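Undergrad: With full-length UniProt numbering applied, the sequence shown corresponds to residues 1 to 276, in that order. The C-beta atom is built at its ideal place from N, Cα and C for all residues, glycine as well. What you are looking at is a predicted structure, and each value in this text was computed from that prediction instead of being measured. Starting off with a structure, shown below.
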Amino acid sequence: MIGAERGDSARKVAKLLADIEWAEAAGLDSAWIPQVPNDFDALTAVALMATRTSRIELGTAVVPLQAQHPIALARQALSVHAAAGGRLALGVGPSHHWIIRDMLGLPYERPAAFTRDYLDVLAAAFGGPGPVDVENDTFTVHNPLDLAPVAPLSVLVAALGPVMLALAGERADGTVLWMADERACAEHVVPRITKAADNAGRPAPRIVAGIPVCLCAASQVDAARERANRILGEAEVSPNYQRLLEYGDARDVGDICAAAMKTPSWRACAASPTPE
Numbered sequence: 001m002i003g004a005e006r007g008d009s010a011r012k013v014a015k016l017l018a019d020i021e022w023a024e025a026a027g028l029d030s031a032w033i034p035q036v037p038n039d040f041d042a043l044t045a046v047a048l049m050a051t052r053t054s055r056i057e058l059g060t061a062v063v064p065l066q067a068q069h070p071i072a073l074a075r076q077a078l079s080v081h082a083a084a085g086g087r088l089a090l091g092v093g094p095s096h097h098w099i100i101r102d103m104l105g106l107p108y109e110r111p112a113a114f115t116r117d118y119l120d121v122l123a124a125a126f127g128g129p130g131p132v133d134v135e136n137d138t139f140t141v142h143n144p145l146d147l148a149p150v151a152p153l154s155v156l157v158a159a160l161g162p163v164m165l166a167l168a169g170e171r172a173d174g175t176v177l178w179m180a181d182e183r184a185c186a187e188h189v190v191p192r193i194t195k196a197a198d199n200a201g202r203p204a205p206r207i208v209a210g211i212p213v214c215l216c217a218a219s220q221v222d223a224a225r226e227r228a229n230r231i232l233g234e235a236e237v238s239p240n241y242q243r244l245l246e247y248g249d250a251r252d253v254g255d256i257c258a259a260a261m262k263t264p265s266w267r268a269c270a271a272s273p274t275p276e
């Protein structure tokens with residue numbers, strides 16, 4: 001995952017582009033960028049990264065839905081997808097109450113129902129070109145849209161709880177996770193989303209599991225765990241993340257970092273050269 005970089009905007013753009021150039025040269029299949037409240041717009045960042053790459057899949061993890069009308073998001077996503085040569089994977093989700101309600105001042109009632117209605121509009125828009133005609137409990141849309149995907153546009157829905165996992169399986173191509181360890185994925189996420197996809201007659205869902213990884217010397221493990229817990233502490237204050245931790249073996253973010261480094265794939269990554 002391409003993370004946020006502290007510092008002035010010009011330096012952050014340079015670091016973003018250097019990271020994605022390294023990721024493609026290293027042979028990675030995909031790169032994902034979060035949309036956090038105090039940093040770059042994720043889809044705009046994907047458009048920039050597309051100018052420096054030709055092969056790697058570029059994903060958002062994730063774009064909060066409440067902040068813009070679905071037609072606006074659909075138009076932006078289709079534009080970026082075309083600019084990237086069909087390499088966009090659009091990760092979306094209803095975010096968290098402390099972002100949508102407390103920071104943006106927007107309502108956060110019934111996020112699953114809101115997401116379902118939003119996906120109705122996205123599905124119609126991504127099936128174009130042609131008019132987008134959708135009427136449901138949340139949206140009344142009758143909008144011409146003369147844009148067609150240059151390739152099928154994959155949509156993944158952030159899901160942590162049973163209701164959202166069922167929705168992701170029924171209506172999307174998969175899910176984007178954060179802070180789900182191996183046990184949480186195996187016993188909670190995979191059975192629910194797979195069953196929902198099967199019941200809806202959809203292909204096996206894709207599961208993009210994002211976990212924090214902290215690279216450090218052996219003598220710095222305790223300090224690294226403390227830093228991870230401090231920086232990523234929202235996993236322990238957000239109800240959604242609290243429930244996800246309960247499904248797994250991890251007690252906190254530090255446990256997830258430690259567990260990740262025990263797997264062969266992450267040990268290989270830790271041994272590889274990375275950009276500064």
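Quick one: Cα of PRO239 to Cα of ALA42, how far?
TA: The residue labelled residue 239 in the question sits at position 239 within the sequence shown. The residue labelled residue 42 in the question sits at position 42 within the sequence shown. Rounded to whole angstroms, PRO239 to ALA42 spans 24 Å at the Cα level.
Undergrad: The alpha helix (DSSP H) with LEU90 in it runs from where to where?
TA: The residue you call residue 90 lines up with position 90 of the sequence shown. Run containing LEU90: none in the alpha helix (DSSP H); it sits in the beta strand (DSSP E), 88-93.
Undergrad: Helix, strand or coil for LEU177 per DSSP?
TA: Against the sequence shown, residue 177 aligns to sequence position 177. Three-state DSSP puts LEU177 in a strand.
Undergrad: Is it the case that the Cβ atoms of LEU177 and ALA200 are separated by a distance below 8 Å?
TA: Sequence index remark: in the sequence shown, residue 177 carries index 177 (1-based). Sequence index remark: in the sequence shown, residue 200 carries index 200 (1-based). Contact: no.
Undergrad: So ARG192 and LEU156 are in contact, right, with Cβ under 8 Å, and what is the actual spacing, rounded?
TA: On the sequence shown, residue 192 is found 192 positions in, with the first residue counted as 1. On the sequence shown, residue 156 is found 156 positions in, with the first residue counted as 1. Not quite, the Cβ-Cβ distance comes to about 15 Å (not below 8 Å), so this is no contact.
Undergrad: Helix or strand or just coil, what does DSSP make of ALA268?
TA: Counted from its first residue, the sequence shown places residue 268 at position 268. Legend: pLDDT at ALA268 = 43, less than 50; position of this residue unreliable, value from coordinates given subsequently. Helix at ALA268.
Undergrad: Give the list of continuous alpha helix (DSSP H) stretches no shorter than 4 residues that lie fully inside the stretch 65-151.
TA: Segments of the alpha helix (DSSP H) lying fully in the stretch 65-151: 70-83, 97-100, 111-126.
Undergrad: Shortest alpha-carbon distance to ARG52 belongs to which of ARG171, GLU24, SER154, PHE139?
TA: Start at 1 with the first residue of the sequence shown, and residue 52 comes out as number 52. Checking every option, the nearest Cα to that of ARG52 belongs to GLU24.
Undergrad: Within 10 angstroms of its Cβ, does SER95 collect 16 or more other Cβ (buried), or is it exposed?
TA: For the purposes of this step, residue 95 is taken as residue 95 along the sequence shown, with counting starting at 1. When all chains shown are included, SER95 counts as buried.
Undergrad: Can you name the start and end residues of the alpha helix (DSSP H) that SER9 belongs to?
TA: In the sequence shown, counting from the first residue as 1, residue 9 sits at position 9. Looking at the DSSP string, the run of the alpha helix (DSSP H) that includes SER9 is 9-25.
Undergrad: For the stretch 141-157 against the stretch 121-132, do three or more pairs of beta-carbon atoms, one drawn from each stretch, fall closer than 8 Å, so that the two count as touching?
TA: Judged by Cβ distances under 8 Å, the stretch 141-157 makes contact with the stretch 121-132, as three or more pairs qualify.
Undergrad: In angstroms, rounded to a whole number, what distance separates the CA positions of PRO212 and MET179?
TA: Counting from one through the sequence shown, the residue named residue 212 turns up at place 212. Counting from one through the sequence shown, the residue named residue 179 turns up at place 179. Using only the alpha carbons, I get a separation of about 7 Å.
Undergrad: Quick one: Cα of ARG116 to Cα of ARG110, how far?
TA: By 1-based counting over the sequence shown, the position of residue 116 is 116. By 1-based counting over the sequence shown, the position of residue 110 is 110. Roughly 10 Å between the two C-alpha positions.
Undergrad: So LEU156 is in the beta strand (DSSP E); what residue range does that whole segment cover?
TA: Residue mapping note: residue 156 aligns to position 156 of the sequence shown, counting from 1. LEU156 -> beta strand (DSSP E) spans 154-157.
Undergrad: Return the CA-CA distance between ILE207 and ASP146, expressed in angstroms with no decimal places.
TA: As a working mapping, residue 207 is identified with position 207 in the sequence shown. As a working mapping, residue 146 is identified with position 146 in the sequence shown. Straight-line Cα distance between these residues: approximately 31 Å.
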